[in-house]
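> Protein chains in written order, with the numbering used here: chain S, 1 to 209; chain D, 1001 to 1209; chain A, 2001 to 2209; chain Y, 3001 to 3209.
Protein chains: 4
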Amino acid sequence: MLRRLTERSNGGEDKRGLILHAAVRVFARKGFHGCRVGDIAEEAGVAHGLLYHYFRSKDEVLECVFNETWADILAAARMVEETDEPARERLSGIAKILLRAWRRDPDLVRVVIREVVRSPELQRRISEIHAAFAAIERIIVRGQEEGEFRSDVDPRLASFVFYGALEEILTGWVLGTLDDGDEQIARAEQTVVEIVCGGLAPDRQAAKL
Amino acid sequence: MLRRLTERSNGGEDKRGLILHAAVRVFARKGFHGCRVGDIAEEAGVAHGLLYHYFRSKDEVLECVFNETWADILAAARMVEETDEPARERLSGIAKILLRAWRRDPDLVRVVIREVVRSPELQRRISEIHAAFAAIERIIVRGQEEGEFRSDVDPRLASFVFYGALEEILTGWVLGTLDDGDEQIARAEQTVVEIVCGGLAPDRQAAKL
Amino acid sequence: MLRRLTERSNGGEDKRGLILHAAVRVFARKGFHGCRVGDIAEEAGVAHGLLYHYFRSKDEVLECVFNETWADILAAARMVEETDEPARERLSGIAKILLRAWRRDPDLVRVVIREVVRSPELQRRISEIHAAFAAIERIIVRGQEEGEFRSDVDPRLASFVFYGALEEILTGWVLGTLDDGDEQIARAEQTVVEIVCGGLAPDRQAAKL
Amino acid sequence: MLRRLTERSNGGEDKRGLILHAAVRVFARKGFHGCRVGDIAEEAGVAHGLLYHYFRSKDEVLECVFNETWADILAAARMVEETDEPARERLSGIAKILLRAWRRDPDLVRVVIREVVRSPELQRRISEIHAAFAAIERIIVRGQEEGEFRSDVDPRLASFVFYGALEEILTGWVLGTLDDGDEQIARAEQTVVEIVCGGLAPDRQAAKL
DNA sequence: AATGAATGAGTTTTCATTCAT
DNA sequence: TATGAATGAAAACTCATTCAT
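1. What first and last residue would you give for the alpha helix (DSSP H) that runs through Phe1162 (chain D)?
2. Taking the straight line between their C-alpha atoms, what separation do you get for Phe1149 (chain D) and Val109 (chain S)?
3. Taking only runs of the alpha helix (DSSP H) that begin and end inside the segment 1001–1065 of chain D, which ones reach a length of at least 4 residues, in chain order?
4. Have a look at Y:Ile3195, Y:Asp3180, Y:Ala3023 and Y:Glu3063 and flag the residue whose alpha-carbon is nearest the alpha-carbon of Cys3035 (chain Y).
5. Ordered along the chain, which non-local residues of its own chain (more than five positions away) have a Cβ less than 7 Å from that of Ile2094 (chain A)?
6. Taking the alpha-carbon positions, what's the Val2215 (chain A) to Glu2043 (chain A) distance?
7. For Ile1113 (chain D), return the contacting residues in chain S, with the cut-off set at a CB-CB distance below 8 Å.
8. Can you look up Ala2095 (chain A) in the DSSP assignment and give me helix, strand or coil?
9. Can you give me the start and stop residues for the alpha helix (DSSP H) that Pro86 (chain S) sits inside?
10. Measuring CB to CB, does Leu2091 (chain A) end up less than 8 Å from Val2174 (chain A)?
11. Can you list, in chain order, the residues of its chain with a C-beta nearer than 8 Å to that of Thr1083 (chain D)? Leave out the 5 residues immediately preceding and following it.
12. For a contact meaning CB atoms closer than 8 Å, what does Thr191 (chain S) contact in chain D?
13. Near Arg3156 (chain Y), what residues of its chain come up, given a Cβ to Cβ distance below 6 Å and the 5 sequence neighbours on each side ignored?
14. Going by alpha carbons, who is nearest to Val2153 (chain A) out of Y:Asp3059, Y:Gly3143, Y:Gln3184 and Y:Gly3164?
15. Which of the three DSSP states, helix, strand or coil, is assigned to Phe3133 (chain Y)?
16. Determine the chain S residues that contact Ile1195 (chain D) at a beta-carbon separation under 8 Å, and present them in chain order.
17. Tell me whether Glu3128 (chain Y) sits in a helix, a strand or coil according to DSSP, three-state version.
18. Looking at Phe160 (chain S): is its Cβ nearer than 8 Å to the Cβ of Ala1134 (chain D)?
19. Under 8 Å between C-beta atoms, does His2130 (chain A) make it to chain Y?
20. Taking His2033 (chain A) as the query, report the chain Y residues whose CB atoms sit under 8 Å from its CB, ordered along the chain.
21. Tell me whether the beta-carbon of Leu1074 (chain D) lies closer than 8 Å to the beta-carbon of Ala1132 (chain D).
22. Against Ile169 (chain S), what residues of chain D qualify as contacts under a CB-to-CB distance less than 9 Å, listed in chain order?
23. Of all the CB atoms in chain S, is at least one closer than 8 Å to the CB of Lys1030 (chain D)?
24. Assuming Lys2096 (chain A) and Glu2189 (chain A) form a contact by the criterion Cβ under 8 Å, report the distance between their Cβ atoms to the nearest whole angstrom.
25. Quick one: is Glu43 (chain S) near chain D, going by C-beta distance under 8 Å?
26. Report the three-state DSSP secondary structure of Asp3107 (chain Y) (helix, strand or coil).
27. Going by C-alpha distance, which of D:Ile1129, D:Gly1176 and D:Asp1182 is nearest Trp1070 (chain D)?
28. Is there contact between the segment 3014–3021 of chain Y and the segment 3046–3059 of chain Y, where contact requires at least three CB pairs shorter than 8 Å?
29. Taking DSSP as the reference, what is the three-state secondary structure of Leu3200 (chain Y)?
30. Under 8 Å between the Cβ atoms of Ile3169 (chain Y) and Val3193 (chain Y)?
31. Give me, in chain order, the residues of the same chain whose beta-carbon lies closer than 6 Å to that of Arg2056 (chain A); leave out the 5 immediate sequence neighbours on both sides.
32. CB-CB under 8 Å to Val1037 (chain D), same chain, minus the five flanking residues each way: which ones, in chain order?
33. For Ile113 (chain S) and Phe32 (chain S), I'd like the C-alpha separation in whole angstroms.
Below, the structure is given as structure tokens:
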């Protein structure tokens, strides 16, 4: 229903999708707690009662925004994971997916970053978030097994470094503290991969780590 | 008043501090929007009316939590910045400050991470938040100038990678998805510094970045 | 349309009857105010919109339940009234009609007792409800005139005693606080008639009433 | 808190009692489902929010009206039960208590009769209602044991007859279908006792019951 | 006749904030 | 300082009813 982060928009738009999109825009503008159900309905051009035809509550709307978004991201990440390219290329693929989502639908990323990812209320449902971490971790582990990455680094921690770097850059764009021109986006991708994969490269005298 | 993240607690505890501490615990447990003023007062063992003697509003309580916390972090970061140690050591110092705050007061970190850093309402505070980024960036720039780090990487982006990695690890501890034993904390510090400084090291044939 | 309280069900069942029956079951289970129009429709297996083809409103459904029920009761009561049997036999006939309705359709009785008879909104129907009282009162008056009952008792009050006794027993069955086996039903009939007619018997030294 | 049905009003009136009394008046006038929380607050002359300081919900207000009322009735009934007067006198005492409550506080009786006694929602809490029945039944049983009443009548059914007669008369007054002048009230008491005790008298040839 | 999406007035409830004591 | 009763704006949510299909 949602304009997919990873694919193109699906022209035809039913009411449920209309509401979900409106919600994304409104959440992005005013925040989840800063808007009323009526704001979403107004943005969607429907009566607020209709929202309850499609969703059980305001909370459920946010949850759906997340579910029907992250699933796409995850699927894309899995596809990248299964490639047989070098680990560096696969991490680069993951970075592309996450960072380019910003150019495709900034409001959506804004909402996921600000409202969902750290929400204490939604933490339960979000084991799925960590599936993304798992994918990154698996890529790193395989990179270590195949000698592309040094083995003396905890792959779990490394996945947090990689994912955290990406999320922070998205946050910078969301909050407006980091340039987000097309060129900047491409450069951000390269930089993250360069730094993290550089740091994981094996041919170094690995200090006393 | 708050138990400082960077220093020790100041034994005597006045009512204002009592309320502020209680707020941190309650915000950590239920989130800012998920708790009532009465919850904070109850946790502090005072009547909720008293809260309004010390703070203008519930919002102001959160703001104070942030102010009286982040100021410490910032001061500590500035001290590290002005050292004459190698850039790597200085980044390591920053990592220590942020990550060890977790061991000192997890609830406080939880609140800053979840409620303040990404709050749409507190965007005015962002400049202060990002003073920390500036410190990191300056360390990197100096590292580049002094030949310790490669120069073909945007230092601003690099500071996001470093800070994002640290914040993600804190988040992992906050959400319980990452081990936070004493040993793990020490290792996390090392790993982040190792990866990021490794990735920034100049003696590499720097690909085509 | 409703399964008559006093006669047998009319085999074939149109949609209107389907809805009316469903309403009786739902009202009995959750109360008029405790159910939604959609509950009735669901119980009837139709879309809730259809309800508005047959009834002007939810209120009208309840009113129809009453009308098409009480009319039967009343007609039966009138028939009994016009008999030439002794007053005691005629009261016994009334008791039979009311109490046996319970065995025939408990839900319907439940609804009439709980939702209609005492409803503040349906007070206009009270005249019809109390036509039943009038019938009972007339029987008693005639009993007094013919010497079967003592004359120093207000027949109107006596009719309240008689009707109240019956309704309370029905209520006991409705609420499950009184046994309602077939045998109990027959015995209840006898007991009410016995007590009330006994109390109305003239051959007593009538105290100082 | 409530103006007791069985005792005099307690001059001094706290806010909770104010609200409870206002609720009784409003429920009596418009019915529980026909009034809004705001109506109660307005009648009490307080802000509607205050209602939630003293009660958890609108439902709880009704429940309290009942609890803090019926307890009194029950206590009074128990006192009567323990007397050593003849059973007839004791039943007469019960009748007095119930019927005179009407003169003392008609609104309260109206509410209890219309909203509480038959409410499907409140049935759970109301095992207490039946404590009244039990008291009546015990009086009758003792009357039978002591030869004052005939023994071939089920005392449980007889208690329903007695209580039902009283409730129906109250209902008549509530609905305005029965005169309720002072004289009528006294006469109603006598009539109910006369009929029921007359019907229960042993010196009759008891038919084939 | 039949459906169920759509409407929106109406209601309960919450809760930050005030203020008399 | 300290309390907690009192306020009332604000919001989520319900649900009877309408209506295009």
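Beta carbons: idealized from backbone N, C-alpha and C, even for Gly.
These numbers come from a predicted model, not from an experiment.
Let's see:
1. Locating residue 1162 (chain D) in the second sequence gives position 162, where the first residue counts as 1. For Phe1162 (chain D), the uninterrupted alpha helix (DSSP H) run begins and ends at Pro1155 to Leu1175, by DSSP.
2. Here residue 1149 (chain D) corresponds to residue number 149 of the second sequence, with the count starting at 1. Here residue 109 (chain S) corresponds to residue number 109 of the first sequence, with the count starting at 1. Taking the straight line from one Cα to the other gives about 32 Å.
3. 1015–1030, 1037–1044 and 1051–1054
4. Position 35 of the fourth sequence, counting from 1, holds the residue named residue 3035 (chain Y). Of the candidates Y:Ile3195, Y:Asp3180, Y:Ala3023 and Y:Glu3063, the one whose C-alpha sits nearest the C-alpha of Cys3035 (chain Y) is Y:Ala3023.
5. As a first step, residue 2094 (chain A) is located in the third sequence; it is residue number 94 there, counting from the start. Correct list, in chain order: Ala2077, Val2080 and Ile2136.
6. Not covered by the structure: residue 2215 (chain A). The range shown for chain A is 2001 to 2209.
7. In the second sequence, the residue the question calls residue 1113 (chain D) occupies position 113. In chain order: Arg118.
8. By 1-based counting over the third sequence, the position of residue 2095 (chain A) is 95. In this structure, Ala2095 (chain A) counts as helix in the three-state DSSP scheme.
9. Counting from one through the first sequence, the residue named residue 86 (chain S) turns up at place 86. Note, Pro86 (chain S): premise wrong, no alpha helix (DSSP H); not H, not E.
10. Indexing the third sequence from 1 puts residue 2091 (chain A) at position 91. Indexing the third sequence from 1 puts residue 2174 (chain A) at position 174. Not in contact: Leu2091 (chain A) and Val2174 (chain A) (Cβ atoms no closer than 8 Å).
11. On the second sequence, residue 1083 (chain D) is found 83 positions in, with the first residue counted as 1. Excluding sequence neighbours, Thr1083 (chain D) sits near Glu1089, Arg1090 and Gly1093.
12. Walking along the first sequence from the start, residue 191 (chain S) turns up at place 191. Ordered by position in chain D, the residues that pass the 8 Å Cβ test against Thr191 (chain S) are Val1153, Asp1154, Leu1157, Ala1158, Val1161 and Leu1209.
13. Position 156 of the fourth sequence, counted from the first residue, corresponds to residue 3156 (chain Y). Non-local beta-carbon contacts of Arg3156 (chain Y) in its own chain, meaning distances under 6 Å to residues more than five positions away in sequence, involve Glu3137 in chain order.
14. By 1-based counting over the third sequence, the position of residue 2153 (chain A) is 153. Of the listed residues, the one whose Cα sits closest to Val2153 (chain A) is Y:Gln3184.
15. For the purposes of this step, residue 3133 (chain Y) is identified with residue 133 of the fourth sequence, where counting begins at 1. Note: Phe3133 (chain Y) maps to helix in three-state DSSP.
16. Counting from 1 along the second sequence, the entry for residue 1195 (chain D) is found at position 195. Chain S residues near Ile1195 (chain D): Val153, Ala158, Val161, Ile195, Val196, Gly199 and Leu200.
17. Indexing the fourth sequence from 1 puts residue 3128 (chain Y) at position 128. In the structure shown, Glu3128 (chain Y) sits in a helix (DSSP, three-state: H, G or I).
18. Here the question's residue 160 (chain S) lines up with position 160 in the first sequence. Here the question's residue 1134 (chain D) lines up with position 134 in the second sequence. No, Cβ-Cβ distance for Phe160 (chain S) and Ala1134 (chain D) is not below 8 Å.
19. Taking the third sequence and counting its residues from 1, the one referred to as residue 2130 (chain A) is at position 130. So yes, His2130 (chain A) belongs to the interface.
20. Stepping through the third sequence from its first residue, residue 2033 (chain A) is reached at position 33. Result: His3033.
21. Translated into the one-based positions of the second sequence, residue 1074 (chain D) becomes position 74. Translated into the one-based positions of the second sequence, residue 1132 (chain D) becomes position 132. It is a contact, given that the beta carbons lie within the stated cut-off.
22. For the purposes of this step, residue 169 (chain S) is taken as residue 169 along the first sequence, with counting starting at 1. Those are Leu1157, Phe1160, Val1161 and Gly1164, listed as they occur along chain D.
23. As a first step, residue 1030 (chain D) must be located in the second sequence, where it is residue number 30. With 8 Å as the cut-off, Lys1030 (chain D) counts as an interface residue toward chain S.
24. As a working note, residue 2096 (chain A) is residue 96 in the third sequence. As a working note, residue 2189 (chain A) is residue 189 in the third sequence. With 8 Å as the limit, Lys2096 (chain A) and Glu2189 (chain A) qualify as a contact, their Cβ atoms being about 6 Å apart.
25. As a first step, residue 43 (chain S) is located in the first sequence; it is residue number 43 there, counting from the start. Not an interface residue.
26. Translated into the one-based positions of the fourth sequence, residue 3107 (chain Y) becomes position 107. In this structure, Asp3107 (chain Y) counts as helix in the three-state DSSP scheme.
27. Taking the first residue of the second sequence as 1, we reach residue 1070 (chain D) at position 70. Among D:Ile1129, D:Gly1176 and D:Asp1182, the Cα nearest to that of Trp1070 (chain D) is on D:Ile1129.
28. yes
29. On the fourth sequence, residue 3200 (chain Y) is found 200 positions in, with the first residue counted as 1. Under the three-state reduction of DSSP, Leu3200 (chain Y) is assigned to helix.
30. By 1-based counting over the fourth sequence, the position of residue 3169 (chain Y) is 169. By 1-based counting over the fourth sequence, the position of residue 3193 (chain Y) is 193. No, the pair does not count as a contact, with Cβ atoms beyond the cut-off.
31. Along the third sequence, one-based indexing puts residue 2056 (chain A) at 56. None.
32. Taking the first residue of the second sequence as position 1, residue 1037 (chain D) is located at position 37. Contacts found: His1048, Leu1051 and Lys1058.
33. Residue numbering aside, residue 113 (chain S) sits at position 113 when the first sequence is read from its first letter. Residue numbering aside, residue 32 (chain S) sits at position 32 when the first sequence is read from its first letter. Straight-line Cα distance between these residues: approximately 12 Å.
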